[in-house]
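This report refers to the structure that appears directly beneath it.
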Amino acid sequence: MIPRTNSEAAGLEQSNLPHQPLVIFAHGKESGPWGSKIRHLADIAQAQGCTVLSPDYSDLAVPEARIERLLALELPPHDRLVLVGSSMGGYVSTVASRQLHPAALFLMAPAFGMPGYAQADPVPDAGHICVVHGWRDDVVPAERGIRFAERYKATLHVLDADHRLNSVLPQLGGLFADFLEMVLNSTDTIAAGYSAQARMGQ
Amino acid sequence: MEISGMWTRHQMSHCLRILFLGKFRETGMAVTHSERKLRPRIQRAFMAWLDANRSSFAVPVQLGRRTGKHWKIRFGGITPYVSAVLIGNGTQSELVVAAEWQGECWDLFASFETLPCRYGALYFCALCEKSQHQVFGSRQELWFDHLFAPFLDWVNQKLAPANWLVLDDHGGATSAALSVERPDDEANRIILSLSEKETHLDPKNK
């Protein structure tokens, strides 16, 4: 029998326990549910006691269809929800946050303002938002992430990396670990539905 | 030759290399320059796999510039703005297909990754979900299954039927698509025939 890695140890066993944080990942357009970036972050989330899900959207080219799939998921019991998205997955997570009201959003090089996407500037709805972008991102320029972060008062990190952020995986993991720890220790995120708009005083 | 426990791995490796090269010389086996230089295992494995599967590709694959970690892959008869790269970065390996234009990565078409993990004499991919773990007899077999075969499928199913490369620019954010039919012209859209002869527009990609 193949030994479990740390990343896989939590999984279904822990999902049966109530009141656990749930982290749902959304992969990018060209990748799959368990690329190295998501696997790395999932390991971190599981080490912090979270249940993780990473739906496979690779058969769906259109982000709106991916959002539908995410919203249709039957979620395991959880006390708070964190959505994590990369590129197109960042858009998917942000749009879905309007209905899922997560405690937190962690967005990596989110693809905002892309053609074929129903919303040019999706409005997030989460208690805490963190955006990580690469200065050398040719596909979605860092300015997009910066503008979004400024607008929604999100935590922002711009790293010396390209669109995929794979070259700064340890650094990205550190940022995610700190962000997740802050979210999990924060009492105001236990009750979901903290509106970003309300936070902005709109 | 006695190999004491005091030897470092580097010394042992050097010693074995000398022994093997000597063996090849004795037996008259040829060790070509290119074989000696293909040190990363994944590059050797890809070369061997490609030699055995070249006829399965609907679009011919051409090997381009290579470093210790990267190997550029181009497609015969196809615009050079669509290319792939085989990346062997330590234990992790990856095959990425992208569109490049004006010296920039315009968009990614496909990304196949694996993280081979050894368990006894077998290998499995540590990126895969536990419930989907498959075991392989060698690291090469894992690479075939997770990288090379999906790459072949992508070439035959996505690239081969396409006639057009569509490059869109949305105020700095860029996307690329492969299309069978020629799409409508739009502002900030570049449409290129995938056939190579019409693609010498971008001096940076020549």
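Keeping their order, the protein sequence lines are chains C and Z.
The first sequence begins at 14 in our numbering and counts up by one.
The second sequence begins at 186 in our numbering and counts up by one.
Beta carbons are placed, not taken as given, at the ideal position from N, Cα and C, and that holds for glycine.
Check: Rounded to the nearest angstrom, what separates residue 199 of chain C and residue 193 of chain C at their Cα positions?; Outcome: 10 Å
Check: Taking 8 Å as the CB-CB cut-off, is residue 312 of chain Z touching chain C?; Outcome: yes
Check: Out of curiosity, what's the CA-to-CA distance linking residue 363 of chain Z and residue 264 of chain Z?; Outcome: 12 Å
Check: Note the first and the last residue of the continuous alpha helix (DSSP H) segment covering residue 218 of chain C.; Outcome: Residue 218 of chain C lies beyond the stretch modelled for chain C, which goes from 14 to 215, so this question has no answer here.
Check: Between which two residues does the alpha helix (DSSP H) carrying residue 102 of chain C extend?; Outcome: 101-113
Check: Keeping to the same chain, check which residues put their C-beta closer than 6 Å to that of residue 290 of chain Z; ignore five residues upstream and five downstream.; Outcome: 283
Check: Comparing alpha-carbon positions, which option in C/168, C/191, C/150 and C/177 lies nearest residue 142 of chain C?; Outcome: C/168
Check: Give a yes or no on whether 8 Å exceeds the smallest Cβ distance from residue 216 of chain Z to chain C.; Outcome: Low per-residue confidence applies at residue 216 of chain Z: pLDDT is 38, beneath 50, and the placement is therefore not dependable, though the value from the model is reported in the following sentence. Chain C contact via Cβ: absent.
Check: Could you check which residue in C/179, C/45, C/189 and C/183 has the C-alpha nearest to that of residue 118 of chain C?; Outcome: C/189
Check: Out of C/153, C/59 and C/130, state which residue places its alpha-carbon closest to the alpha-carbon of residue 178 of chain C.; Outcome: C/153
Check: Identify which residue in C/42, C/65 and C/70 has its Cα closest to the Cα of residue 93 of chain C.; Outcome: C/65
Check: Decide if residue 306 of chain Z is buried, meaning its Cβ has at least 16 other Cβ atoms within 10 Å, or exposed.; Outcome: exposed
Check: Please check if any C-beta of chain C sits within less than 8 Å of the C-beta of residue 300 of chain Z.; Outcome: yes
Check: Are the C-beta of residue 176 of chain C and some C-beta of chain Z separated by less than 8 Å?; Outcome: yes
Check: Quick check on the burial criterion: 16 or more other C-beta atoms within 10 angstroms. Buried or exposed for residue 359 of chain Z?; Outcome: buried
Check: What's the C-alpha gap between residue 316 of chain Z and residue 72 of chain C?; Outcome: 20 Å
Check: By Cβ distance, which residues of its chain are closer than 6 Å to residue 219 of chain Z, with the 5 residues on each side in sequence left out?; Outcome: At residue 219 of chain Z, the pLDDT of 47 sits below 50, so the modelled position is not reliable and the matter cannot be decided from this model.
Check: Going by DSSP, what residue range makes up the alpha helix (DSSP H) through residue 53 of chain C?; Outcome: 49-60
Check: According to DSSP, simplified to helix, strand and coil, what is residue 234 of chain Z?; Outcome: helix
Check: Three or more C-beta pairs under 8 Å: does that hold for the segment 339-353 of chain Z against the segment 317-325 of chain Z?; Outcome: no
Check: Which residue comes first and which comes last in the beta strand (DSSP E) that contains residue 147 of chain C?; Outcome: 141-147
Check: At a Cβ threshold of 8 Å, is residue 364 of chain Z touching chain C?; Outcome: no
Check: Have a look at Z/361, Z/300 and Z/333 and flag the residue whose alpha-carbon is nearest the alpha-carbon of residue 242 of chain Z.; Outcome: Z/333
Check: Write down the C-beta distance between residue 336 of chain Z and residue 269 of chain Z rounded to the nearest angstrom, noting that I regard them as a contact closer than 8 Å.; Outcome: 7 Å
Check: Pull up the distance between the alpha-carbon of residue 18 of chain C and that of residue 376 of chain Z, whole angstroms please.; Outcome: Here the model assigns residue 18 of chain C a pLDDT of 37, short of 50, so the residue's position is not dependable, and the following value carries that caveat. About 46 Å.
Check: Assuming residue 197 of chain C and residue 53 of chain C form a contact by the criterion Cβ under 8 Å, report the distance between their Cβ atoms to the nearest whole angstrom.; Outcome: Residue 197 of chain C to residue 53 of chain C, Cβ: 18 Å. No contact.
Check: Which class does residue 195 of chain Z belong to by DSSP, given the choice of helix, strand or coil?; Outcome: Note that residue 195 of chain Z scores 44 on pLDDT, short of 50, meaning its location in the model is unreliable and no value can be drawn from it.
Check: Can you give me the start and stop residues for the alpha helix (DSSP H) that residue 82 of chain C sits inside?; Outcome: 76-84
Check: Once the 5 residues before and after residue 148 of chain C are set aside, which same chain residues still bring their CB inside 8 Å of it?; Outcome: 155, 171, 172, 173 and 174
Check: Just verifying my parser: in three-state terms, what is the DSSP assignment at residue 316 of chain Z?; Outcome: helix
Check: Determine, using beta carbons only, whether residue 333 of chain Z comes closer than 8 Å to chain D.; Outcome: Looking at the structure shown, chain D is missing, and the protein chains on hand are C and Z.
Check: For a quick check, are the C-beta atoms of residue 310 of chain Z and residue 301 of chain Z less than 8 Å apart?; Outcome: yes
Check: Under 8 Å, Cβ to Cβ, is there at least one residue of chain C near residue 355 of chain Z?; Outcome: yes
Check: Are the CB atoms of residue 36 of chain C and residue 95 of chain C within a distance shorter than 8 Å?; Outcome: yes
Check: In chain Z, what lies closer than 7 Å to residue 49 of chain C by C-beta?; Outcome: 277, 298, 300 and 312
Check: Can you tell me the Cβ-Cβ gap for residue 49 of chain C and residue 298 of chain Z, rounded? I've got them flagged as a contact below 8 Å.; Outcome: 5 Å
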